[in-house]
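Okay, structure first, notes after.
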Amino acid sequence: MTCFVAIEGIDGSGKGTQTAALADYFNSRGLNCQTITFPRYNETLLGKQIGHFLDGRFGPLEHLHPVPISLMYAAERFESRGLIEEKLQGCDLLLADRYVGSNLAHQGARLEGRERAEFLAFIDQLEFGIFGVPRPDLVVLLDLPAEISAQRVAMKQARDYTSQVTDLHESNREYLVSVREVYLELCETHDNWRRISCLDASGQGRAIEEIQSELRHTVMEHCGLKA
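Taking my numbering, the leading residue of the sequence shown gets 158, the next gets one more, and so forth.
Here's what the structure looks like:
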């Protein structure tokens, strides 16, 4: 049976790097491991619109209510549901670089208290219930403080969905602090979420290989894989 794992984290946490390395590891050991990344900026109709949103074309973040924005992200995954299901049927392990958790954290960060709790429940029901996208067996949070995130994002190469050094989300450090807060909340309230710190006990960045080793062990243990 295929195991479905989502890799989450704020910008600069190394999701893409770790997802690719994990897929290479399992594929090199005889497992069929496939990957998918969200948003699919240049591959879906809604992915292109998400790119426009992150490029600031729809206006400043504070002028846009999180609910309609969350609908766009959810609909983009619905647009990709057939591809997700196809990949799940044809592999042993599917890794998603960002998934529903990103919608929960990034849009939930702009709400507080009861309003946030109601929003998180709404998105869970919308994406997994109404839109019927597959629920991951495991979600791994690559946890990174917002101040370190800002430093790493500044060193990123250009992205094809924006001409800016930072996109609409990345440019707001206070917002990223709130996003991380929601991610940590999700780790505490969901049994299938696991947290991996990107920093060591002294607050220094852990080596990519060290994080990869912990991520690999977490996935193998949860999915019952031997490689």
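Every residue, glycine too, gets a C-beta built ideally from N, C-alpha and C.
Boundaries (first-last residue) of the alpha helix (DSSP H) holding residue i
{"i": "A278", "result": "G270 to D281"}
{"i": "R255", "result": "Careful: R255 lies outside any alpha helix (DSSP H) and carries neither H nor E."}
{"i": "D181", "result": "K172 to S185"}
{"i": "R337", "result": "R330 to T346"}
Limits of the beta strand (DSSP E) - the one that residue i falls within
{"i": "E165", "result": "C160 to E165"}
{"i": "R238", "result": "First-last for R238: R238 to Q246, but that is the alpha helix (DSSP H), not the beta strand (DSSP E)."}
{"i": "I193", "result": "C190 to T194"}
{"i": "I353", "result": "W350 to S354"}
{"i": "L221", "result": "Run containing L221: none; DSSP gives neither H nor E here."}
Exposure of residue i, with buried meaning 16 or more beta-carbon neighbours within 10 Å
{"i": "L202", "result": "exposed"}
{"i": "V162", "result": "buried"}
{"i": "L240", "result": "exposed"}
{"i": "G169", "result": "buried"}
{"i": "H209", "result": "exposed"}
{"i": "A180", "result": "buried"}
{"i": "V339", "result": "buried"}
{"i": "G216", "result": "exposed"}
{"i": "V322", "result": "Caution is warranted here: a pLDDT of 47 is assigned to V322, below 50, making its placement in the model unreliable, and no coordinate value can be reported."}
{"i": "Q175", "result": "buried"}
{"i": "R271", "result": "exposed"}
{"i": "R273", "result": "buried"}
{"i": "G381", "result": "exposed"}
{"i": "K389", "result": "Here the chain has residues from 158 to 384 only, and residue 389 is not among them."}
CA nearest to the CA of residue i, picked from the options
{"i": "E345", "options": "R292, V296 and T159", "result": "V296"}
{"i": "R351", "options": "R186, D294 and P302", "result": "D294"}
{"i": "R238", "options": "E366, V290 and G265", "result": "V290"}
{"i": "E284", "options": "I305, H379 and E233", "result": "E233"}
{"i": "G360", "options": "E304, H379, K383 and E366", "result": "E304"}
{"i": "H390", "options": "P223, D348, G204 and R292", "result": "Nothing can be reported for residue 390, as the shown portion of the chain is limited to 158 through 384."}
{"i": "N329", "options": "S306, H347 and D348", "result": "S306"}
{"i": "I280", "options": "P225, E236 and Q308", "result": "P225"}
{"i": "E118", "options": "L211, G286, I193 and A364", "result": "Beyond the ends of the chain as shown, which are 158 and 384, falls residue 118; an answer cannot be given."}
Whole-number beta carbon distance between residue j and residue i, since they are thought to touch under 8 angstroms
{"i": "L228", "j": "Y332", "result": "The Cβ separation is near 19 angstroms, so there is no contact."}
{"i": "F288", "j": "A231", "result": "6 angstroms"}
{"i": "L188", "j": "L250", "result": "6 angstroms"}
Distance CB(residue i)-CB(residue j) smaller than 7 angstroms
{"i": "L245", "j": "T159", "result": "yes"}
{"i": "I164", "j": "L301", "result": "no"}
{"i": "L369", "j": "A178", "result": "Reading off the sequence shown, one finds Gln at residue 369, where the question assumed Leu. It is a contact, given that the beta carbons lie within the stated cut-off."}
{"i": "S335", "j": "A266", "result": "yes"}
{"i": "C355", "j": "L298", "result": "no"}
{"i": "R292", "j": "F195", "result": "no"}
{"i": "I353", "j": "E371", "result": "yes"}
{"i": "N199", "j": "C190", "result": "no"}
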